[in-house]
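*Asks:*
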Amino acid sequence: MANVFIYYNSDQSESTEQAVHRVNELIHNLEIHHVILGVFLDFFNQSTELMELLNSPLSEIDYIFTNKPIVNEFDKELIIQLSRTEKFEIRYFDEM
Numbered sequence: 001m002a003n004v005f006i007y008y009n010s011d012q013s014e015s016t017e018q019a020v021h022r023v024n025e026l027i028h029n030l031e032i033h034h035v036i037l038g039v040f041l042d043f044f045n046q047s048t049e050l051m052e053l054l055n056s057p058l059s060e061i062d063y064i065f066t067n068k069p070i071v072n073e074f075d076k077e078l079i080i081q082l083s084r085t086e087k088f089e090i091r092y093f094d095e096m
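In the UniProt record's numbering, the protein residues as written are 1 to 96.
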């Protein structure tokens, strides 16, 4: 079983309830074959929880599942570099 984090960044018009519902659906699908070590939800155009995720023990995870690509160039490059050194992969919800 693979260890995973889930990162969700909501859309501009998406309510908190909608975001939580989508994350819960993903958890339901993932927990069959994965161990979920953490769930991180950010509101539109924020990355507070992403920074919390990246400050977590990344060497313990195999995948970060996210709903969409990271658009902030700094955050994107940081994740790329960390994924190389800590040996985890980024996967998208629609790859399930």
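C-beta atoms are modelled at their ideal positions from N, C-alpha and C, and glycine is treated no differently.
1) Helix, strand or coil, according to DSSP, for F5 in the structure here?
2) Taking 8 Å as the limit between beta carbons, can you name the residues of its chain near L27, skipping five residues before and five after?
3) Determine the DSSP secondary structure at H34, reduced to helix, strand or coil.
4) CB Y63 to CB A2, shorter than 8 Å?
5) For R91, which residues does DSSP report across the bridge?
6) Name the one or two DSSP bridge partners that V39 has.
*Replies:* So, to answer that:
1) strand
2) Note on residue identity: the sequence assigns Ile, not Leu, to residue 27. Counting only Cβ-Cβ distances below 8 Å, and skipping sequence neighbours, we find I6, I36, V39.
3) strand
4) yes
5) F65
6) I6
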